[in-house]
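First the structure, in the form of structure tokens, and then the observations on it.
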Amino acid sequence: MNVQLETLLHKQWDKRGIISWLLLPASAVFMWASSRRRKNAKVTNVGVPVVVVGNIYVGGTGKTPVTISLVRALRERGWNPGVISRGYKGAADAPVEVEENSNPDIVGDEPLLIKKSTGAPTFVCKKRVDAAKSLLAEYPLVNVLISDDGLQHYELGRDVELAVIGARGLGNGWVLPAGPLRERPARLDEVDAIVLNATEDVVTSSTPRYAATSGFSDAINYASGEKITLDTLARMQAKKQLKADAMAGIAVPDRFFSMLRAHDLEINPIPLPDHYSFTKNPFAESKADLIFITEKDAVKCRKHPEIKNDERIYVVPLETQLDKFLVDFIEKKITAASERYKTNNH
1 MNVQLETLLH
11 KQWDKRGIIS
21 WLLLPASAVF
31 MWASSRRRKN
41 AKVTNVGVPV
51 VVVGNIYVGG
61 TGKTPVTISL
71 VRALRERGWN
81 PGVISRGYKG
91 AADAPVEVEE
101 NSNPDIVGDE
111 PLLIKKSTGA
121 PTFVCKKRVD
131 AAKSLLAEYP
141 LVNVLISDDG
151 LQHYELGRDV
161 ELAVIGARGL
171 GNGWVLPAGP
181 LRERPARLDE
191 VDAIVLNATE
201 DVVTSSTPRY
211 AATSGFSDAI
221 NYASGEKITL
231 DTLARMQAKK
241 QLKADAMAGI
251 AVPDRFFSML
261 RAHDLEINPI
271 PLPDHYSFTK
281 NPFAESKADL
291 IFITEKDAVK
301 CRKHPEIKND
311 ERIYVVPLET
321 QLDKFLVDFI
331 EKKITAASER
341 YKTNNH
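Residue numbers for the sequence shown follow the UniProt record's numbering, beginning at 1 and rising by one.
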């Protein structure tokens with residue numbers, strides 16, 4: 001989907017306009033089919049606690065940074081987490097282990113970013129239960145699984161459900177195709193916790209909610225690997241009058257651009273389609289002295305040697321911090337689940 005069409009679609013989903021009203025009957029069919037699928041799902045428990053990090057809004061809400069932060073937080077507390085995912089477009093029919101040099105066209109850019117960021121065992125498969133079983137067979141010391149996305153994958157048994165709400169909130173509050181939601185807003189009353197990955201709390205639900213704070217501080221030169229603060233780059237830009245482009249193939253590129261501007265960087269924003277494949281080098285015609293890209297896009301740039309050696313490019317890692325009380329809450333639930341599984345296995 002190109003950027004213009006994607007933007008138009010989300011603008012339509014922000015309000016209950018005439019098109020949304022006309023699509024309401026189709027949404028009723030979608031809800032019926034989703035409810036039927038959930039009711040008929042044969043749930044499989046894989047024998048270790050499972051935490052699902054998902055959403056009800058179609059598209060990006062910041063699930064992957066939350067997953068990365070949760071892996072790190074649980075590891076600091078002595079857990080040995082593994083990660084499972086469907087992978088982008090479910091390209092993996094059989095379980096595939098994600099390695100740092102895996103092809104993102106097969107395993108997906110987000111699972112690859114999780115692997116590179118955390119080093120945790122990561123498997124993808126269209127059927128998440130199969131991914132979980134393969135991961136646990138290969139890594140028997142893993143004692144908690146985190147499913148990146150998969151709130152609607154009801155075949156996978158879960159012990160904790162986290163619903164991540166991003167900058168777009170819940171849109172017009174209607175399900176597909178009249179609105180942007182995979183399930184009705186009432187689904188948020190059933191999850192264990194809501195993670196607010198944006199500044200505004202736009203959710204009406206009795207479910208406990210916790211804030212995730214995200215931001216940038218450093219950039220890494222793609223060619224040399226040298227780390228430098230964004231504030232240093234901003235001073236360098238002002239002093240030398242450097243031109244800067246910022247490119248982002250993510251769900252909400254404006255958030256990336258705004259965070260860069262918050263560091264006093266003057267940028268020319270270039271939004272790319274979400275999950276942009278980088279089959280073509282988008283930087284080739286850029287006349288900028290500095291080019292800023294996201295970590296998610298960086299994992300797909302290796303396929304171009306000229307990108308790899310372009311000293312103008314800086315990767316900007318997103319740093320997400322979870323509320324300590326959220327991690328406490330999750331740990332309490334997975335500890336209880338772990339004891340329960342051990343008892344059942346004896």
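Glycine included, C-beta positions come from ideal geometry on N, C-alpha and C.
The model shown is predicted, which means the values in this text are computed figures rather than measured ones.
- Note on geometry: alpha-carbon atoms of P180 and L318 lie some 25 Å from one another.
- P253: not part of any beta strand (DSSP E); member of the alpha helix (DSSP H) spanning P253 to R261, first to last residue.
- Distance check between S217 and each of S224, L230, A223 and S205 places L230 closest, using alpha-carbon atoms only.
- Only residues of its own chain outside the window of five on either side were considered, and among them N55, Y57, G60, T61, G62, N197, A198, A251 and V252 have a CB closer than 8 Å to the CB of G166, listed in chain order.
- Residues K308 of the same chain have their beta carbon placed closer than 7 Å to that of R302, with the five preceding and five following residues left out of the count.
- With respect to the 7 Å criterion, S27 and A178 are classified as neighbours on the basis of their beta carbons.
- Classified as exposed, L8 has fewer than 16 neighbouring CB atoms from the shown chains inside 10 Å of its CB.
- In this chain, the alpha helix (DSSP H) harbouring V29 covers I18 to N40.
- When Cβ pairs closer than 8 Å are counted between the two stretches, the segment 236–246 is seen to touch the segment 255–270, the count reaching three or more.
- Counting only runs of at least 4 residues, the segment 194–250 fully encloses the following alpha helix (DSSP H) elements, listed from N- to C-terminal order: 230–240.
- Boundaries of the alpha helix (DSSP H) around F325: K324 to N345.
- Residue burial annotation: R38 is exposed, with fewer than 16 other C-beta atoms found within 10 angstroms of its C-beta.
- Taking a C-beta distance under 7 Å as the contact criterion, P65 and V144 do not qualify as a contact pair.
- In terms of CA proximity to Y276, D109 leads the group P95, D109 and N40.
- Taking every protein chain shown into account, the CB of E295 has 16 or more other CB atoms within 10 angstroms, so this residue is buried.
- If you look at S117, you'll find it in the alpha helix (DSSP H) that goes D109 to T118.
- Contact between S147 and I84 holds, since their C-beta atoms are separated by about 5 Å, short of 8 Å.
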